[in-house]
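Novice:
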Amino acid sequence: MASTVFKTNHDKMVSLQPNRGAYEQWLSNRFQEQKSSINQDIHEAVELLAKQINSWGSVPYLEIEARLGYFEDDDDGNVRLPFDSNVDKENFENIKEALAKWSEIKEITETTSVVYSFKDNIRMEVTSDGSRSAVKKEKLEHSNFRYDNSPFDLRVCFSAEVPIDVNGLTNMATQPVKRNKQRTSYHMNHWRFDLTVVTYIDNGIENREYQVEIEAKLDCIPYSDYVYMADSLMLKVKKLVNVCEKEEKGSERDMVPLKDISKKFGTLDNLMSKLQI
13 MASTVFKTNH DKMVSLQPNR GAYEQWLSNR FQEQKSSINQ DIHEAVELLA
63 KQINSWGSVP YLEIEARLGY FEDDDDGNVR LPFDSNVDKE NFENIKEALA
113 KWSEIKEITE TTSVVYSFKD NIRMEVTSDG SRSAVKKEKL EHSNFRYDNS
163 PFDLRVCFSA EVPIDVNGLT NMATQPVKRN KQRTSYHMNH WRFDLTVVTY
213 IDNGIENREY QVEIEAKLDC IPYSDYVYMA DSLMLKVKKL VNVCEKEEKG
263 SERDMVPLKD ISKKFGTLDN LMSKLQI
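Residue numbers (this note's numbering): 13 to 289.
#1: Identify every residue that forms a DSSP beta bridge with Glu221.
#2: Which runs of the beta strand (DSSP E), 3 residues or longer, sit entirely within the region 222-289?
#3: Quick check: the region 70-88 against the region 156-175, are at least 3 beta-carbon pairs closer than 8 Å?
#4: Straight-line CA distance for Lys148 to Lys113?
#5: Check for me: the beta strand (DSSP E) holding Arg79 runs from which residue to which?
#6: Let's see if you can read the secondary structure: which residues bound the alpha helix (DSSP H) around Val26?
#7: Just mark Ile233 as buried or exposed, buried being the case when its beta carbon has 16 or more other beta carbons within 10 Å.
#8: For Ser15, does the count of other Cβ atoms within 10 angstroms reach 16, so buried, or fall short, so exposed?
#9: Which residue spans inside the region 134-177 form an unbroken alpha helix (DSSP H) run of at least 4?
#10: Assuming Ile107 is part of the alpha helix (DSSP H), what are its boundary residues?
#11: For Lys292, which beta-bridge partners are listed by DSSP?
#12: Kindly indicate the opening and closing residues of the beta strand (DSSP E) around Arg92.
#13: How would you write the range of the alpha helix (DSSP H) that Ile65 sits in, first residue to last?
#14: Leaving out the 5 sequence neighbours to the left and right, which residues in its chain are closer than 8 Å to Val178 when beta-carbon positions are compared?
#15: What's the call for Met13, buried or exposed, on a 16-neighbour Cβ count within 10 Å?
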C-alpha cells in the first residue's frame, strides 16, 4: 500500500482523535479562526476544499490537482457541464513566462511522452527516453467553481492513481486512444505547476490543446492543516489568473462553488474495495 508523507501524517492525526468526526470539527473551528486572514473571494472555496482534502486523506495513491478552464452557460443562464480544460495559447504562454520568473520555483523540468488510454480508466505513458509506466485512475470527486469576473473557471480533482503492470496491457483487446504530451513542470516545495501541450488525431484531424494544472506534491507535504493547504492552493490559482487578467476595482472576483454540477463518485469504503486496497 502506497504511503506518502501526506497520508502518513493524516492517518497519524486521525488515530489521535477521540472520535471519527473530531478532526473535521477541528477544521471547521480552524477555518473560523483563520477566516479574517483568508481573501474574501476564496472563503467558500477554502472552507469546502479543506473538508474534501480531509475526507480523502487516507486514500493510497491519492492525487489532488486544480485545473484552469471554462464552464459555459445554458439558455437560462445556468452553468453547465462539460468542463473545458483547454486554455487558449496566449494565456498559456503568458503563464509559462511568469512561472519561469517566480522566485518560489525551485526546479523546471521538461517531459515529452505518449499517453495511451485504455478501457476501465487504465493509462500507459511512454516517455521520450523509452521508460513506461501504467496506472488505473479512479475518480473520487470533482469540485467545480465559477470564478466570477475572471477569464477562467476551476475544477479541483481528487483521484486515486494505482500503479499496474505495464506488461499486461499488451493483451488488451481494445485499441487505446493515443495522445502526445509536451509538459513543462515548475516545482515548488509542496506544489507543482504542469503546463502541457496535448496533440491528438480525431477523425483524421490533428487537435491541439493547452492545459494548466496545479498538483499537490503529497510526498512532500508534512502538515495536516488542510485549511492552510486549501488556502495555499487557491492563492496560487488567483496568482495564475492575475497573470492573464488583472482584477479590476468595481469588478471584484468571487470563487463560487458549483455544488449542483460537482460530483462525488463513491464512498471511501467502496473505493478501497473496488481497487482491492
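For each residue, glycine too, the CB sits at the ideal point set by N, CA and C. Computed from a predicted structure; not experimentally measured.
Specialist: Walking through what the data contain:
#1: Here residue 221 corresponds to residue number 209 of the sequence shown, with the count starting at 1. Assignment of beta-bridge partners to Glu221 by DSSP yields Val210.
#2: Counting whole runs of 3 or more residues, the region 222-289 contains the beta strand (DSSP E) stretches 266-269.
#3: Three or more pairs of CB atoms, one per stretch, sit closer than 8 Å, so the region 156-175 contacts the region 70-88.
#4: Locating residue 148 in the sequence shown gives position 136, where the first residue counts as 1. Locating residue 113 in the sequence shown gives position 101, where the first residue counts as 1. The alpha-carbon separation between Lys148 and Lys113 amounts to approximately 35 Å.
#5: Residue 79 sits at position 67 when you count from the first residue of the sequence shown. From DSSP, the beta strand (DSSP E) with Arg79 extends over Leu74 to Asp85.
#6: Along the sequence shown, read from residue 1 onward, the residue named residue 26 stands at position 14. It spans Val17 to Ser27 - the alpha helix (DSSP H) in which Val26 sits, taken as one unbroken run.
#7: For the purposes of this step, residue 233 is identified with residue 221 of the sequence shown, where counting begins at 1. With a 10 Å radius around the Cβ and a threshold of 16 neighbouring Cβ atoms, Ile233 comes out buried.
#8: Within the sequence shown, residue 15 is the residue found at index 3, counting from 1. Around the beta-carbon of Ser15, fewer than 16 other beta-carbon atoms lie within 10 Å, marking it exposed.
#9: Listed in chain order, nothing qualifies, since the region 134-177 has no complete alpha helix (DSSP H) run of 4 or more residues.
#10: In the sequence shown, counting from the first residue as 1, residue 107 sits at position 95. Its alpha helix (DSSP H) spans residues Lys101 to Leu111.
#11: This structure does not reach residue 292, given that the chain is present from 13 up to 289, and the question cannot be answered.
#12: Along the sequence shown, read from residue 1 onward, the residue named residue 92 stands at position 80. Its beta strand (DSSP E) spans residues Val91 to Asp96.
#13: Along the sequence shown, one-based indexing puts residue 65 at 53. Counting along the chain, Ile65 sits inside the alpha helix (DSSP H) bounded by residues His55 to Ser67.
#14: As a working note, residue 178 is residue 166 in the sequence shown. These residues qualify, in order along the chain: Met136, Arg144, Ser145 and Ala146.
#15: Your numbering for residue 13 matches position 1 in the sequence shown. Summary for Met13: the model assigns pLDDT 47, below 50, so the residue's position carries little reliability, and this model does not support an answer.
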